[in-house]
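Heads up, the sequence shown is in the numbering used here, so the first residue is 5 and it goes up one at a time.
Even for Gly, the Cβ is constructed at its ideal location relative to N, Cα and C.
Single-structure report; data block below.
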Amino acid sequence: MLKDNLHQVQQNIKAACDRVHRSYSDVTLIAVSKTKPVEMLSEIYDEGIREFGENKVQEMCEKMEVMPKDIRWNMIGHLQTNKVKYIVGKTSLIHSVDSLHLAKEIQKQALKHDCICDILVEVNIAGEASKFGTSRDEAISLVEEIAKLDHIRIKGLMTIAPFVDDPEDNRQYFRDIKQLSVDIAHKNIDNVSMNVLSMGMTGDYTVAIEEGATMVRVGTGIFGERDYSKAN
5 MLKDNLHQVQ QNIKAACDRV HRSYSDVTLI AVSKTKPVEM LSEIYDEGIR EFGENKVQEM
65 CEKMEVMPKD IRWNMIGHLQ TNKVKYIVGK TSLIHSVDSL HLAKEIQKQA LKHDCICDIL
125 VEVNIAGEAS KFGTSRDEAI SLVEEIAKLD HIRIKGLMTI APFVDDPEDN RQYFRDIKQL
185 SVDIAHKNID NVSMNVLSMG MTGDYTVAIE EGATMVRVGT GIFGERDYSK AN
């Protein structure tokens with residue numbers, strides 16, 4: 005069943021790319037495996053998936069210990085500064101950097117580990133009170149400040165759009181963050197590229213792709229509904 009789910013998601017991604025004349029290879033699928041057991045991750049791994057996304061540091065570290073070493077782990081959940089030390093040097097990308105305070109802690113730990121940490125700046129594009137992320141108005145100045153940290157590379161932006169019944173309701177938000185990434189790219193800030201746009205989840209990833217997503221974060225669409233009673 006997982007294999008069927010995955011193949012359906014991949015077909016949907018291809019169809020969305022075709023609609024807007026993008027290459028399927030332009031879009032990276034991140035299998036969001038939070039709360040899911042390693043047996044399920046292994047099944048998806050065997051289908052060729054190497055990008056996995058986790059929300060909790062402890063859970064990600066536990067899975068890292070037992071899963072194959074060629075997996076690229078994406079930290080997609082809100083990251084507390086006191087947890088940064090556990091994942092710097094181990095993740096391929098931290099999607100959820102939403103403050104200079106957090107970025108400075110990543111810089112500090114990257115210095116200790118003598119590594120460069122790739123990050124995305126999380127933007128709360130819809131201005132939802134319940135969501136993390138810097139505001140649209142403050143995003144450019146935050147990028148400029150983080151760019152001064154020499155052990156961090158800003159690779160692009162990430163957003164979590166509102167949960168909606170009709171994915172079309174989020175199209176404007178995806179357009180807005182794409183435009184924001186273009187505006188930032190035009191500034192030619194040292195140490196900043198805007199090649200990555202992480203947006204779109206199970207409910208709206210095809211619309212996100214049509215509006216420029218380069219990474220989509222799909223959990224339920226692959227693994228099924230989560231049982232949060234087992235999450236911790």
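For R157, write down the residues that DSSP places opposite it in a beta bridge. D122
Contact check, A114 vs V125 under 8 Å by CB: the rounded distance? That pair is no contact at about 16 Å.
Should V61 be labelled buried (16 or more other beta-carbon atoms within 10 Å of its own) or exposed? buried
Taking DSSP as the reference, what is the three-state secondary structure of N199? Annotated three-state conformation of N199 is strand, per DSSP.
With 16 as the cutoff for other CB atoms within 10 Å, does K152 come out buried or exposed? Counting the other Cβ atoms within 10 Å of the Cβ of K152 gives fewer than 16, which makes it exposed.
Straight-line Cα distance separating L161 from T95: 17 Å
Pair within 8 Å by beta-carbon distance, R179 and E215: Yes, they are a contact pair.
If you drop the 5 nearest sequence neighbours on each side, which residues of the same chain put their C-beta closer than 6 Å to that of E58? K38 and M64
Note down the Cα distance separating M5 from T224, rounded to an integer number of angstroms. The alpha-carbon atoms of M5 and T224 are separated by roughly 13 Å.
Within the continuous beta strand (DSSP E) that includes T32, where are the two ends? T32 to V36
Quick one, which of C119, I164 and R23 has its alpha-carbon nearest I156's? C119
What are the partner residues of R221, as DSSP defines its beta bridges? Answer is I34.
Can you look up A235 in the DSSP assignment and give me helix, strand or coil? Because the pLDDT of A235 is 46, which lies under 50, any placement of that residue in the model is unreliable, and the number read from its coordinates should be weighed accordingly. DSSP places A235 in coil when its eight states are reduced to three.
What is the rounded straight-line gap between the Cα of A19 and the Cα of K116? 44 Å
Can you check whether the CB of I226 is closer than 8 Å to the CB of V31? When the beta-carbon positions are compared, V31 and I226 stay at least 8 Å from each other.
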